[in-house]
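This note's numbering numbers the first residue of the sequence shown as 38 and each following residue consecutively.
Below is one structure, written out as C-alpha cells; the observations come after it.
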Amino acid sequence: WPTLDAPWNNTHVNTTRVWVDLTLGPDQSYRWWQTVDSNQNLSEFQTDNGSYFTPENGSIRIPIDLELGMNYFVFHLDALEKTFVYELNVFLDLLEPELVVEIPHDGYATFQSIAIVSGHCEAGLSVYVNVSGLYSQQDCTANGTFEIEASLPLSEGVWPMVTHQVDLAGNR
C-alpha cells in the first residue's frame, strides 16, 4: 500500500516549510494541490502542482512552502488500480502571543513572598511567570486578562521576573 507521512497535519506550525514523505511502489504515482486561506488578507489561491509524478526508488520527500493562515492540501496517490485521497491542513502562525504586563511596574520592590502579576493576554493560552526559577502559571481568561500570585524567593536581592505565553505553534 502507498503511504503518506505528514506529522504536522491538523496542527499549528511556526515554520514556513513543511515536508510530506511518500512511499509508492513500482508504476505508482501522485498528484497534489494546495489552497491557502490567509487571515491576513482573506485572499484565496489554489496551486495545481502539475501532472502526475512517479518517484524513483519508491520514496520521495516533498517540500511545501506555506502561506500565513490555514493551508489545505489534497494528495492523490495512484496505486494498485485505486486512488488514495489524503486531505491535509496546517495553520502557519508566525506571531508571538499578545501579552502585556501592567502590574507590577518595572523596578517593583516588596518585602512580601508573593507579587501580584496582571495584565492582558491571548485568550485560551496559559500565562507563565518565572521569578528566578520559581514558576507560577494561570490560563488567560476569555476576556483576555490574567492575574497571577507569583511566588518570590525568600532571600533578599534583586530577582528578575519574566512573563510569557506559548501559542499552539510554539511562538513565545
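Glycine included, every Cβ here is placed at the ideal spot set by N, Cα and C.
- If you compare the alpha carbons of Cys158, Tyr145, Gln202, Gly156 with that of Val195, the shortest gap goes to Tyr145.
- Three or more beta-carbon pairs drawn from the stretch 44-64 and the stretch 121-135 are found closer than 8 Å, and the two stretches are therefore classed as touching.
- Following the DSSP letters along the chain, one finds Ser155 inside the beta strand (DSSP E) bounded by residues 151-157.
- Its Cα nearest to that of Ile140, the residue Ile153 stands out among Asp130, Ile153, Phe128, Leu129.
- Bounds of the beta strand (DSSP E) holding Phe112 are 106-116.
- For Gln174, the closest alpha carbon among the candidates Phe148, His157, Glu159, His201 is that of His201.
- Remark: fewer than three beta-carbon pairs, one from each stretch, lie closer than 8 Å, so the stretch 99-109 and the stretch 156-171 are not flagged as touching.
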